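For the sequence shown, full-length UniProt numbering gives the first residue as 1, with consecutive numbering after it.
Ideal placement from N, C-alpha and C gives every residue a C-beta, glycine not left out.
From a predicted model like this one, the values you see are computed outputs, not experimental measurements.
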Amino acid sequence: MSKKLFLIEAPGKLKKLQQILGSEYIVKASGGHIRELAKDGDDNLGFDLKKDSISCRFMPKNPMARKTISQLKELARQVDTVILATDEDREGEIIAWHLKEVLNLRNPQRITYREITPAAVKASLNRPRSLDMNLVNAALARSVLDKLVGFRGSPLVWKLGNGAKSIGRVQSAALHILCQREREIQEFKPQDYWLVSVTYSEGFKAYYLGEKTSTPTDKEENEQRDDAGEKEENKVEATKVLSEAEADRLVSLARQFPHHVIEVQSKTVSKNPPAPFTTSSLQQAAGSRLKWSPDKTMQVAQRLYEGGYITYMRTDSYHLDPQFCATVKQWLQQKDPNNIPVKVASHRTSKTAQEAHEAIRPTDIFKPSIELKQEISAEEFELYLLIWLRTVASQCKSAQILKTRIITQSGDIFWQARGQIVTFAGYAKYWKDLSDDLLLPQVSGGQLLNLSEAGHEKKQTQPPPRYSEAKLVQVMERRGIGRPSTFAPTVKTLKERGYAQVQKRQLQATPLGLEVDAFLQKTLPELLQAEFTALMEDKLDAIASGKENWERYIIGWNEDYFAVALLKALKVVGSQASSSKNSQSLEAKGHSNKESKINCPHCSHKMLEIPSKSKKLHKDYFLKCPSCQAVMFYNKWRKIWELPGEKSQESTPSLKLTQHSCPVCGEKLAVREYEKEGVKKQMLVCSSPKAKGDKKHKEVVYFESKNVFWSKKYGELPIG
């Protein structure tokens with residue numbers, strides 16, 4: 001019996017899929033993208049924009065991909081059937097297409113599945129399809145657009161001479177959101193205000209509402225749910241008083257006149273369950289509840305998916321498979337029968353969501369926690385539990401909340417107190433996002449009250465808060481910037497480029513980020529507008545659904561906008577006085593753009609040394625080609641000059657072995673140098689390659705402390 005070659009992306013899925021498929025199949029992984037656009041032609045784009053077509057040239061992504069291609073070609077010659085089982089999104093489709101092209105496959109079978117379970121995988125094998133060229137074209141269009149913007153736009157910011165490395169179609173729009181918020185904070189001027197309140201011996205506190213002759217009416221509440229799932233706070237609702245003199249006057253009047261209840265309002269409100277997780281809402285909830293970055297969330301979710309515990313984690317759909325919903329209902333019938341709704345709450349889906357996909361959910365709602373804890377890591381269990389709770393909550397009844405409002409009066413002044421009690425938790429039994437109960441005493445209209453205290457409290461208006469990483473993802477999603485697969489990488493890129501930094505779990509635009517954003521506002525302002533970027537995403541979606549020709553769109557976009565915008569931008573760059581001033585001030589300090597010994601990797605001209613004050617650089621200058629404008633930055637770990645975006649083959653410096661042995665495996669401990677707050681330090685780690693990622697080695701870290709290396713678990717070791 002001839003074997004079948006089953007090709008996937010991630011090596012992490014190999015073991016699970018081989019178990020499911022059996023010996024009839026050879027399961028191999030491409031390791032993700034095996035080809036990328038070549039680095040040749042105009043501006044090293046790797047494609048030619050012709051009058052009515054685009055010709056793309058591709059190359060192996062790295063040496064490992066080249067080796068993988070060679071191995072897969074040999075295997076493909078030995079089998080009759082090749083099955084392309086890469087992920088179901090655009091990127092998965094183009095990876096499958098690249099495999100078809102490099103392996104010269106005539107009729108490969110294309111399958112997709114949303115979860116790595118025997119039932120899902122075997123069902124997908126029964127319904128193979130051909131490659132979806134609309135999805136392939138959309139992915140091609142994204143690659144071409146991103147390289148066009150990055151490679152032709154980035155040289156503009158290189159001219160700033162401040163260490164700025166790149167701009168990007170999604171990256172720059174996201175940076176602009178951070179910079180807008182940072183400027184709002186910088187320009188914010190706090191204002192004083194006072195909250196005036198009265199406390200009654202009947203057991204509640206009321207706040208100043210206003211001076212009116214008629215009873216104030218309650219405002220309807222229509223708050224948008226926070227996808228981060230943070231617990232609601234009991235907010236004080238009061239009319240702000242803008243001067244201390246006025247606050248003193250109100251306190252004096254409160255003490256002069258008797259107080260009585262004029263109205264008690266009670267109503268029961270329903271709060272619907274949250275939707276199951278999309279990529280964005282999962283990142284927000286993990287950021288809020290687990291304090292994780294979007295990048296870490298996706299890494300852990302990837303492992304859960306590869307292990308067959310959750311469905312595919314890159315999705316913008318709220319849809320759940322009806323059969324799965326039936327299993328959740330079955331679970332509720334056994335465990336919580338009073339929480340089964342007559343009709344499950346529906347959620348409005350964004351216009352870009354792909355309903356053929358599913359939300360993120362567990363593959364087996366009945367799997368016991370005891371089993372799970374033995375099979376997966378603590379981090380994976382934390383995220384799995386978050387997904388499990390959110391999924392079950394989405395299928396439950398609404399929460400019922402009794403809200404109470406007491407309005408009192410003294411003279412012409414009205415006061416109000418608000419309270420609430422959760423009378424039925426519903427979904428909140430699993431997804432806890434309701435504020436704590438605040439019980440008000442039983443009082444009736446006309447009842448006289450005993451004033452025990454009247455006073456005021458000085459407050460100050462606060463600037464708008466900075467975004468957390470997850471909150472930025474939420475804003476990007478709501479404004480249509482990027483798609484599920486790009487949210488986490490975009491945030492990561494902003495940090496790696498030095499355009500943003502994390503301070504107290506909040507993202508802050510750096511001076512470099514603000515400078516780049518201000519520069520782009522003068523040169524390529526449209527690229528920063530959310531509407532402009534969102535329109536481009538809509539066009540990519542239209543290409544994916546076959547409604548738009550990808551080549552015609554990009555050629556038109558380049559001719560009508562980008563090429564023209566670049567010419568205008570270059571004129572702005574040429575007239576920028578700040579660049580010349582910066583250059584003059586540096587030259588005055590003894591710096592000049594002297595010729596280096598390094599040749600440009602693109603055109604072989606001698607590179608120039610351009611001074612820079614950026615703290616992100618490993619030297620006080622970078623290299624720039626006077627001919628083709630290419631730039632290079634020094635990597636102190638590899639001790640080489642490299643182009644922006646080049647992947648390091650080794651991410652850490654070589655390690656110096658010591659005479660100390662690892663307490664776990666006995667291998668020699670090695671000295672690793674690192675930098676913290678500008679100070680160079682050392683620590684000891686295990687030199688064994690197997691130590692990386694191993695749970696037992698996690699605590700084998702000795703930090704330099706005075707005259708010893710110190711470990712929390714293993715004690716002290718002498719230096720030297």
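Next on the checklist: Quick check on DSSP: helix, strand or coil for T199?
Outcome noted: On the sequence shown, position 199 is the one that residue 199 refers to. Residue state, collapsed to three classes: strand.
Next on the checklist: Helix, strand or coil for Q442? Go by DSSP, reduced to three states.
Outcome noted: Mapped onto the sequence shown, residue 442 falls at position 442. Coil, per DSSP.
Checklist entry - Can you list, in chain order, the stretches of the alpha helix (DSSP H) that have 4 or more residues and sit fully within the segment 219 to 306? => result 244 to 256, 279 to 289 and 294 to 306
Next on the checklist: Across the segment 498 to 516 and the segment 135 to 150, are there enough close Cβ pairs to call them in contact, namely three or more that are closer than 8 angstroms?
Outcome noted: no
Checklist entry - For K597, which option in A285, I640 and G574 has the closest C-alpha, if you only look at C-alpha atoms? => result Here the question's residue 597 lines up with position 597 in the sequence shown. Selected option, being the one with the closest Cα: I640.
Item to check | Continuous beta strand (DSSP E) assignments of at least 3 residues falling wholly in the UniProt domain "Toprim" (3 to 118) | outcome: 4 to 8, 25 to 29, 35 to 37, 47 to 49, 54 to 56, 58 to 60 and 81 to 84
Item to check | Exposed unless 16 or more other CB atoms sit within 10 angstroms - verdict on A283 | outcome: If you number the sequence shown from 1, residue 283 lands on position 283. With the sequence shown as reference, residue 283 is identified as Gln, and Ala is not the correct amino acid for it. That one is buried.
Checklist entry - Short check: CB of L125 to CB of V79, under 7 angstroms? => result Taking the sequence shown and counting its residues from 1, the one referred to as residue 125 is at position 125. Taking the sequence shown and counting its residues from 1, the one referred to as residue 79 is at position 79. Going by C-beta atoms, L125 is not nearer than 7 angstroms to V79.
Checklist entry - Exposed or buried, G666, counting other C-beta atoms within 10 Å across all chains shown (16 or more means buried)? => result Sequence index remark: in the sequence shown, residue 666 carries index 666 (1-based). Exposed, because fewer than 16 other Cβ atoms sit within 10 Å of the Cβ of G666.
Next on the checklist: As a quick exercise: from H347, L304 and A164, pick the residue whose alpha carbon is nearest that of R114.
Outcome noted: Taking the sequence shown and counting its residues from 1, one reaches residue 114 at position 114. Measuring from the Cα of R114, the nearest candidate turns out to be L304.
Item to check | Contact under 7 angstroms by Cβ, W415 with L209 | outcome: Numbered from its first residue, the sequence shown carries residue 415 at position 415. Numbered from its first residue, the sequence shown carries residue 209 at position 209. A contact, by the Cβ cut-off of 7 angstroms.
Checklist entry - With burial defined as no fewer than 16 other Cβ atoms inside 10 Å of the residue's Cβ, what is the status of S452: buried or exposed? => result For the purposes of this step, residue 452 is taken as residue 452 along the sequence shown, with counting starting at 1. Result: exposed.
Checklist entry - With 16 as the cutoff for other CB atoms within 10 Å, does L45 come out buried or exposed? => result Position 45 of the sequence shown, counted from the first residue, corresponds to residue 45. Answer is buried; the Cβ neighbour count reaches 16.
Checklist entry - Taking DSSP as the reference, what is the three-state secondary structure of E537? => result The residue labelled residue 537 in the question sits at position 537 within the sequence shown. It is helical.
Next on the checklist: Can you tell me whether G556 is buried or exposed? The criterion is at least 16 other CB atoms within 10 Å of its CB, across all chains shown.
Outcome noted: Taking the first residue of the sequence shown as 1, we reach residue 556 at position 556. Exposed: under 16 other Cβ atoms inside 10 Å.
Item to check | residue 725 vs V251 beta-carbon contact at 7 angstroms | outcome: Outside the shown range of the chain, which is 1 to 720, sits residue 725, and nothing can be said about it.
Checklist entry - What residues match up with Y702 in a beta bridge as DSSP calls it? => result Working through the sequence shown from its first residue, we reach residue 702 at position 702. Partner(s): L684.
Next on the checklist: Which residues does DSSP list as the beta-bridge partners of G455?
Outcome noted: Mapped onto the sequence shown, residue 455 falls at position 455. BP columns for G455 point to S197.
Checklist entry - With burial defined as no fewer than 16 other Cβ atoms inside 10 Å of the residue's Cβ, what is the status of K571: buried or exposed? => result Residue mapping note: residue 571 aligns to position 571 of the sequence shown, counting from 1. Result: exposed.
Item to check | Secondary structure of S583, DSSP reduced to three states | outcome: Translated into positions along the sequence shown, residue 583 becomes position 583. Caution applies to S583, whose pLDDT of 45 falls short of 50 and renders its modelled position unreliable; the model cannot decide the point.
Next on the checklist: Using the three-state DSSP reduction, which class does D364 fall into: helix, strand or coil?
Outcome noted: Here residue 364 is taken as the residue at index 364 of the sequence shown, counted from 1. Reduced to three states, the DSSP call for D364 is coil.
Next on the checklist: Please report the straight-line C-alpha distance between S550 and E537, rounded to a whole angstrom.
Outcome noted: Position 550 of the sequence shown, counted from the first residue, corresponds to residue 550. Position 537 of the sequence shown, counted from the first residue, corresponds to residue 537. Note on identity: in this sequence residue 550 is Trp, with Ser being the wrong assignment. Going from the Cα of W550 to the Cα of E537 covers about 12 angstroms.
Checklist entry - Does the beta-carbon distance from Q171 to T404 come in below 7 angstroms? => result Position 171 of the sequence shown, counting from 1, holds the residue named residue 171. Position 404 of the sequence shown, counting from 1, holds the residue named residue 404. Not in contact: Q171 and T404 (Cβ atoms no closer than 7 angstroms).
Item to check | Close-in-space but distant-in-sequence residues of the same chain around F703 (CB under 6 angstroms, 5 per side omitted) | outcome: On the sequence shown, position 703 is the one that residue 703 refers to. Correct list, in chain order: M683 and W710.
Item to check | Alpha carbon of G480 to alpha carbon of S317, nearest angstrom | outcome: Along the sequence shown, one-based indexing puts residue 480 at 480. Along the sequence shown, one-based indexing puts residue 317 at 317. About 14 angstroms.
Item to check | K504: first and last residue of the uninterrupted alpha helix (DSSP H) it sits in | outcome: Counted from its first residue, the sequence shown places residue 504 at position 504. No alpha helix (DSSP H) contains K504, which DSSP labels as neither H nor E.
Checklist entry - What separation, rounded to the nearest whole angstrom, lies between the Cα atoms of G31 and T81? => result As a working note, residue 31 is residue 31 in the sequence shown. As a working note, residue 81 is residue 81 in the sequence shown. When rounded, the distance between both Cα atoms is 20 angstroms.
Checklist entry - Helix, strand or coil for S410 per DSSP? => result On the sequence shown, position 410 is the one that residue 410 refers to. Correct three-state label for S410: strand.
Item to check | Member of K613, I610 and M632 whose CA lies at the smallest distance from the CA of H602 | outcome: Residue mapping note: residue 602 aligns to position 602 of the sequence shown, counting from 1. Considering only alpha carbons, the answer is M632.
Next on the checklist: Could you check whether the Cβ of Q501 sits closer than 7 angstroms to any Cβ belonging to chain C?
Outcome noted: Among the protein chains of the structure shown there is no chain C, as only one such chain exists.
Checklist entry - Is it the case that the Cβ atoms of W431 and L494 are separated by a distance below 7 angstroms? => result What you label residue 431 is simply residue 431 of the sequence shown in a count that begins at 1. What you label residue 494 is simply residue 494 of the sequence shown in a count that begins at 1. No, Cβ-Cβ distance for W431 and L494 is not below 7 angstroms.
Checklist entry - If you count every other CB in all the chains shown that lies within 10 Å of the CB of V157, and 16 or more means buried, which is it? => result Here residue 157 is taken as the residue at index 157 of the sequence shown, counted from 1. Burial call: buried.
Next on the checklist: For the segment 458 to 468 against the segment 178 to 193, do three or more pairs of beta-carbon atoms, one drawn from each stretch, fall closer than 8 angstroms, so that the two count as touching?
Outcome noted: yes
Checklist entry - On the premise that V422 lies in contact with L434, defined as a C-beta separation below 8 angstroms, what is that separation, rounded to the nearest angstrom? => result As a position in the sequence shown, residue 434 is number 434, starting the count at 1. As a position in the sequence shown, residue 422 is number 422, starting the count at 1. With 8 angstroms as the limit, L434 and V422 qualify as a contact, their Cβ atoms being about 6 angstroms apart.
Next on the checklist: Counting C-beta neighbours from all protein chains within 10 Å, is the total for Y674 16 or more, i.e. buried, or is it exposed?
Outcome noted: Here residue 674 refers to the residue found at position 674 when the sequence shown is read from its first residue. So Y674 ends up on the exposed side.
Next on the checklist: What does DSSP give as the partner residue(s) for D192 in the beta ladder?
Outcome noted: Against the sequence shown, residue 192 aligns to sequence position 192. Beta-bridge pairing links D192 to Q460.
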